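Student:
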């Protein structure tokens, strides 16, 4: 994934509320894209919402064995 795409700024002044029935243009746009382009777009949105830092530590998996009594 390109770093440039991840650092794009969002114009928070551009916001509109529309009805769910008015999504035909959106649907047509995404149907014209390849599945890979759709996944890349979802990943960019996920990183914008939850943040992304490749240097953060991951959860450690711990396995413990207990003896049944």
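Numbering (my numbering), first residue to last: -17 to 51. Here a beta-carbon is modelled for each residue, glycine too, at the ideal position from N, C-alpha and C. Computed from a prediction, not measured in an experiment: that's the story for all the values here.
Quick check for students: name the residue ranges of the alpha helix (DSSP H) that lie wholly in the segment -11 to 18, counting only runs of 4 or more.
Tutor: The qualifying runs are 6 to 13.
Student: Only counting the same chain, and skipping five residues up and downstream in sequence, which positions put a Cβ closer than 8 Å to that of residue -17?
Tutor: Position 1 of the chain shown, counted from the first residue, corresponds to residue -17. The pLDDT assigned to residue -17 is 49, lower than 50, so where the model puts this residue is not dependable; a value taken from the coordinates is nonetheless given after this. Around residue -17: 22, 25, 26.
Student: Quick one: Cα of residue 49 to Cα of residue 35, how far?
Tutor: Locating residue 49 in the chain shown gives position 67, where the first residue counts as 1. Locating residue 35 in the chain shown gives position 53, where the first residue counts as 1. Approximately 39 Å, taken between the alpha carbons.
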